[in-house]
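Visitor: Let me give you the structure first, and then I'll get to my questions.
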Ligand code: ATP
Ligand code: MG
Ligand code: MG
Ligand code: MG
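Residue numbers (the numbering used here): 1 to 478.
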């Protein structure tokens with residue numbers, strides 16, 4: 001089953017069970033200052049759960065564009081390292097707004113997975129929130145899952161569990177106990193079952209989370225009951241596609257294979273050797289072109305603060321991975337064409353804005369390629385001096401950031417590839433010092449009534465120039 005067929009099968013299954021098919025909301029949340037990017041299907045229904053908004057339907061189903069590259073749910077550091085995390089992914093979801101609750105939610109999920117998708121029951125595991133006897137009983141007695149494959153997961157208090165089965169969108173907002181479904185990819189893959197100390201491996205992969213929305217968490221952490229108990233579920237399209245296409249990694253599914261092939265060609269045309277299809281760097285590039293294109297399509301452009309800076313970081317990270325594979329000129333923006341081809345039918349904005357996205361990413365790429373070479377040279381030189389187990393000098397990481405436009409996470413990514421870390425405290429101190437100096441200089445200029453004549457005689461890298469421009473405007477940016 002191709003990714004596109006899985007998406008439509010999911011939506012139709014729930015439509016046939018009284019759910020309204022609702023379009024994905026943008027990856028930039030409408031008017032929610034608590035969120036950097038849309039991180040789950042329920043975001044667009046937050047006010048419905050809270051009882052502030054009413055819809056003409058009490059059941060809905062969506063395929064939601066999600067970004068997890070900042071804020072509470074941040075998977076940027078996982079991309080290229082795990083088989084299951086992306087910065088952009090599609091979350092398939094079904095929602096009940098005060099309509100059905102635990103029993104129907106679990107029954108629907110089981111029927112879709114085992115009957116319509118035909119998954120072998122013995123490969124599925126369920127987890128429930130430790131105290132949720134009701135959900136436990138449904139799995140055991142209604143569905144008939146043997147108790148050895150139902151795991152109660154607690155509150156993460158002792159730090160033992162990575163997952164705590166109490167889902168929260170962010171630090172505040174709707175939340176509740178959840179029940180997750182895992183698929184066992186078999187003994188060839190490393191990793192333990194959910195709830196075990198090595199659960200973070202890639203053998204037992206979480207495919208579907210069913211959240212029983214019951215509370216609104218306020219800023220003090222207090223839980224207030226929601227007007228009506230509701231259901232919010234999320235299943236990663238790429239993860240279920242991997243299962244249904246009998247592959248282990250998300251990157252092996254149809255949708256990603258085409259993107260990876262396009263990335264191979266693009267890197268090669270930009271000067272690299274033909275990279276291997278399972279090169280982690282190639283996966284990072286294929287992942288990041290999706291995130292960057294959808295973020296630009298929904299209205300953000302690369303910048304020095306907030307969402308624009310997250311976008312800039314993702315673009316530059318991708319470019320650095322291309323550079324690592326040998327690309328010496330812009331290549332990343334050309335992948336927008338392959339992406340539009342692959343996903344344009346489901347998301348027409350990619351087709352409508354194809355040229356615009358290419359141009360915006362292309363400009364960012366041109367800029368970064370001006371300083372990338374020199375920055376990498378500096379970084380490589382410094383890393384050659386770092387002993388195993390030591391950290392890269394934070395002052396140097398700051399110089400790379402300030403002069404060569406290397407976001408800290410990019411530098412950290414390079415270090416991590418060599419088993420090293422960055423002295424982040426020293427980086428932060430250098431950043432704070434520079435801010436202070438700039439503030440003082442700004443005050444001085446204001447007092448003198450001087451305007452900035454902005455005529456640097458040497459090129460220090462565009463980030464330094466941009467920074468100067470921001471100082472003149474009195475803006476302060478990271
Ligand atoms: P994980 O534990 O694997 O990081 P999660 O518990 O953070 O996943 P949820 O917040 O429960 O994920 O999201 C619901 C579903 O969305 C998951 O069960 C998974 O199928 C999918 N999903 C979550 N994060 C990602 C990601 N970064 N890339 C792809 N799919 C994801
Ligand atoms: Mg996660
Ligand atoms: Mg999880
Ligand atoms: Mg989960």
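Yeah, the Cβ is synthetic: ideal placement off N, Cα and C, and Gly gets one too.
If you follow the beta strand (DSSP E) that residue 64 is part of, which residue opens it and which one closes it?
Guide: Looking at the DSSP string, the run of the beta strand (DSSP E) that includes residue 64 is 59 to 67.
Visitor: Near residue 359, what residues of its chain come up, given a Cβ to Cβ distance below 8 Å and the 5 sequence neighbours on each side ignored?
Guide: Cβ within range, chain order: 333.
Visitor: Applying the criterion that 16 or more other CB atoms from any shown protein chain within 10 Å of the CB defines a buried residue, is residue 52 buried or exposed?
Guide: Residue 52 is exposed by the Cβ-count criterion.
Visitor: Using the beta-carbon count (16 or more within 10 Å), is residue 159 buried or exposed?
Guide: Caution applies to residue 159, whose pLDDT of 49 falls short of 50 and renders its modelled position unreliable; the value that the coordinates give is listed next. With fewer than 16 Cβ atoms within 10 Å of its Cβ, residue 159 is classed as exposed.
Visitor: Reducing DSSP to helix, strand and coil, say where residue 90 ends up.
Guide: Strand, per DSSP.
Visitor: Taking the C-alpha atoms as reference points, what is the distance between residue 20 and residue 409?
Guide: Approximately 41 Å, taken between the alpha carbons.
Visitor: Could you check the C-alpha separation between residue 343 and residue 335 for me, to the nearest Å?
Guide: Cα to Cα, the separation comes out at about 12 Å.
Visitor: Counting pairs of beta carbons, one from the segment 266 to 282 and one from the segment 315 to 334, are three or more of them closer than 8 Å?
Guide: Enough Cβ pairs lie closer than 8 Å, so yes.
Visitor: For residue 22 versus residue 67, is the C-beta spacing smaller than 9 Å?
Guide: No; because the gap between Cβ atoms is not below 9 Å, this pair is not in contact.
Visitor: At which residues does the alpha helix (DSSP H) containing residue 128 begin and terminate?
Guide: That residue, residue 128, is in no alpha helix (DSSP H); its beta strand (DSSP E) goes 124 to 129.
Visitor: Under a three-way DSSP split, which group does residue 151 fall into?
Guide: Looking at residue 151 - three-state DSSP - the assignment turns out to be strand.
Visitor: Of the choices 285, 37 and 338, whose alpha-carbon is the least far from that of residue 306?
Guide: When only C-alpha atoms are compared, the closest one is 37.
Visitor: Are the CB atoms of residue 281 and residue 339 nearer to each other than 9 Å?
Guide: No, they are not a contact pair.
Visitor: Any contact between the segment 403 to 419 and the segment 300 to 317? By contact I mean 3 or more CB pairs, one from each, below 8 Å.
Guide: The segment 403 to 419, when compared against the segment 300 to 317, does touch it at the 8 Å Cβ threshold.
Visitor: Does the Cβ of residue 167 lie closer than 8 Å to at least one heavy atom of ligand 4?
Guide: Yes, the Cβ of residue 167 comes within 8 Å of a heavy atom of ligand 4.
Visitor: Is it right to say residue 350 is buried, meaning 16 or more other beta carbons lie within 10 angstroms of its own, or is it exposed?
Guide: Looking at its Cβ environment, which holds 16 or more other Cβ atoms inside 10 Å, residue 350 is buried.
Visitor: Between residue 9 and ligand 1, is the CB less than 8 Å from at least one heavy atom?
Guide: No, the Cβ of residue 9 stays beyond 8 Å of every heavy atom of ligand 1.
Visitor: Would you mind stating whether residue 243 and residue 194 have Cβ atoms separated by less than 9 Å?
Guide: Taking 9 Å as the Cβ cut-off, residue 243 and residue 194 do not qualify as a contacting pair.
Visitor: Excluding sequence positions up to five away, which residues of its chain have a Cβ less than 6 Å from the Cβ of residue 114?
Guide: Counting only Cβ-Cβ distances below 6 Å, and skipping sequence neighbours, we find 121.
Visitor: Short of 7 Å in beta carbon distance, which residues of its chain neighbour residue 423, apart from the five on each side in sequence? Order them along the chain.
Guide: Around residue 423: 391, 392, 393 and 394.
Visitor: Could you say which of 50, 12 and 186 lies nearest to residue 175 if we only look at CA atoms?
Guide: Closest by alpha carbon: 50.
Visitor: Can you tell me whether residue 253 sits near ligand 1, meaning its C-beta is under 8 Å from at least one heavy atom of the ligand?
Guide: No; taking the cut-off as 8 Å, the Cβ of residue 253 has no heavy atom of ligand 1 nearer than that.
Visitor: By DSSP, does residue 281 sit in helix, in strand, or in coil?
Guide: Three-state result, residue 281: helix.
Visitor: Flag residue 75 as yes when its Cβ comes closer than 8 Å to any non-hydrogen atom of ligand 2, and as no otherwise.
Guide: Yes, since a heavy atom of ligand 2 falls inside the 8 Å radius drawn around the Cβ of residue 75.
Visitor: For the beta strand (DSSP E) containing residue 343, name the first residue and the last one.
Guide: From DSSP, residue 343 is part of no beta strand (DSSP E) but of the alpha helix (DSSP H) over 335 to 343.
Visitor: Within this structure, are the beta carbons of residue 212 and residue 197 separated by less than 9 Å?
Guide: No, the pair does not count as a contact, with Cβ atoms beyond the cut-off.
Visitor: For residue 62 versus residue 97, is the C-beta distance shorter than 9 Å?
Guide: Result no, Cβ atoms of residue 62 and residue 97 do not sit closer than 9 Å.
Visitor: Would you report the Cα separation of residue 441 and residue 433, rounded to the nearest angstrom?
Guide: Those two C-alpha atoms are separated by around 12 Å.
Visitor: So is residue 455 buried or exposed if we call it buried at 16+ other beta carbons inside 10 Å?
Guide: With a pLDDT of 36 at residue 455, under the threshold of 50, the modelled position of this residue cannot be trusted, and the question is left open.
Visitor: Relative to the C-alpha of residue 285, which residue among 248, 323 and 253 is closest?
Guide: Cα-wise, what sits closest to residue 285 is 323.
Visitor: Please return the same chain residues whose Cβ sits closer than 6 Å to the Cβ of residue 70, not counting the five positions on each side in sequence.
Guide: Counting only Cβ-Cβ distances below 6 Å, and skipping sequence neighbours, we find 36 and 310.
Visitor: In three-state terms, what does DSSP make of residue 451?
Guide: With a pLDDT of only 42 at residue 451, under the threshold of 50, the placement of this residue in the model should not be trusted, and no figure is reported.
Visitor: Find the nearest neighbour of residue 42 within the set 10, 141, 171 and 91, judged by alpha-carbon distance.
Guide: The residue with the shortest Cα to Cα distance from residue 42 is 91.
Visitor: Please state the DSSP three-state secondary structure of residue 391.
Guide: It is a strand residue.
Visitor: Using a threshold of 9 Å, state whether the C-beta atoms of residue 165 and residue 153 are closer than that.
Guide: Yes, these two residues count as a Cβ contact at 9 Å.
Visitor: Just the Cα atoms here: how many angstroms apart are residue 12 and residue 319?
Guide: Each residue's Cα considered, the two are about 39 Å apart.
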